[in-house]
Every structure is written in C-alpha cells, then in structure tokens.
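Colleague:
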Amino acid sequence: MLLEGKVALITGSARGTGAGIARVFAREGARIVIN
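Sequential numbering from 80 applies to the sequence shown in the working numbering.
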C-alpha cells in the first residue's frame, strides 16, 4: 500500500480489527489518528 504522507482516522481501534488495521496502516507509513 502506498500510505506514506497519508492520514488515517480509525474509529474503534482499541482492540480487534480496528487495532489491527491501525498497526498495518502505521507500518505502511500512514499517520494514524485513533478514536
């Protein structure tokens, strides 16, 4: 994925699927905003 320089707003990221998505996006270079 080409996420460098992108910002991802992820809701429901405390656990489960949302947390997994946040980790993957961060690993791919996105800045993460979690709620």
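Built from N, CA and C at the ideal position, the CB exists for glycine as well.
Could you check what DSSP says for ARG106 in three-state terms: helix, strand or coil?
Modeller: helix
Colleague: For ALA87, report the span of its beta strand (DSSP E) as first-last.
Modeller: 86-89
Colleague: Report back the beta-carbon spacing between VAL112 and LEU88 to the nearest angstrom; my notes put them in contact at under 8 Å.
Modeller: 5 Å
Colleague: Determine the direct distance from the alpha carbon of ASN114 to that of ALA105, and round the result to whole angstroms.
Modeller: 15 Å
Colleague: Per the DSSP calculation, ILE113 is bridged to which residue(s)?
Modeller: BP columns for ILE113 point to ILE89.
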